[in-house]
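**Q**
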Amino acid sequence: MATPNLSPSPVSPSPNSNGASGLSSLQQRLWWLISALSGTLDINADIERLKHEKLLLRQEKLLLKQEKLQQESEIERLIELDSKLNALQQSWDANLPPVPEVNSDSET
C-alpha cells in the first residue's frame with residue numbers, strides 16, 4: 242500500500258486549474274473532511290435547538306391544556322348559574338301582578 246505524499250504543495254491553484262481541483266488529493270480530502278465536520282456541527286446545533294423548541298412547545302401545550310380545562314369548568318359553572326337565574330326569573334314573573342294594558346286611544 243502506497244503512503245500518501247505529505248510534502249507541502251502550493252495552496253494556490255495552478256494557472257491551468259480552477260478552484261478545488263488545483264488542490265492536492267490530500268488537501269481535497271482534508272477540505273472535504275473539514276466541510277463535513279463543519280456541517281455535522283451545524284446539524285448538531287440544529288438538533289439541540291429543535292430539542293429545546295420541542296420542550297418549550299410541550300410546556301406550552303400543557304399550559305394550554307390546563308387553561309382549557311379551567312375554561313371548561315368555568316363554562317359549566319356559568320351554565321349552572323344561568324339556569325338558576327332563569328328559574329328565579331320565571332318564579333318572579335309568576336308572582337308579579339299582571340301589568341294593566343294601556344290603550345293609546347284613551348289618552349286623547
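When the letters of the sequence shown are read in order and numbered with my numbering, they come out as residues 242 to 349. Glycine is no exception: its CB is placed at the ideal position from the N, C-alpha and C atoms. On a predicted model such as this, the values are computed, not experimentally measured, just so you know.
According to DSSP, is Asn-189 helix, strand or coil?
**A** Since the first and last residues shown for the chain are 242 and 349, residue 189 lies out of range.
**Q** Measure the beta-carbon distance from Leu-264 to Trp-272 and round it to whole angstroms, keeping in mind my assumption that it falls under 8 angstroms.
**A** The residue labelled residue 264 in the question sits at position 23 within the sequence shown. The residue labelled residue 272 in the question sits at position 31 within the sequence shown. The pair is a contact, with the Cβ atoms about 7 angstroms apart (cut-off 8 angstroms).
**Q** Between which two residues does the alpha helix (DSSP H) carrying Ser-279 extend?
**A** Taking the sequence shown and counting its residues from 1, one reaches residue 279 at position 38. Start and end: 266-336.
**Q** Quick one: Cα of Ser-276 to Cα of His-293, how far?
**A** As a working mapping, residue 276 is identified with position 35 in the sequence shown. As a working mapping, residue 293 is identified with position 52 in the sequence shown. Each residue's alpha carbon lies about 26 angstroms from the other.
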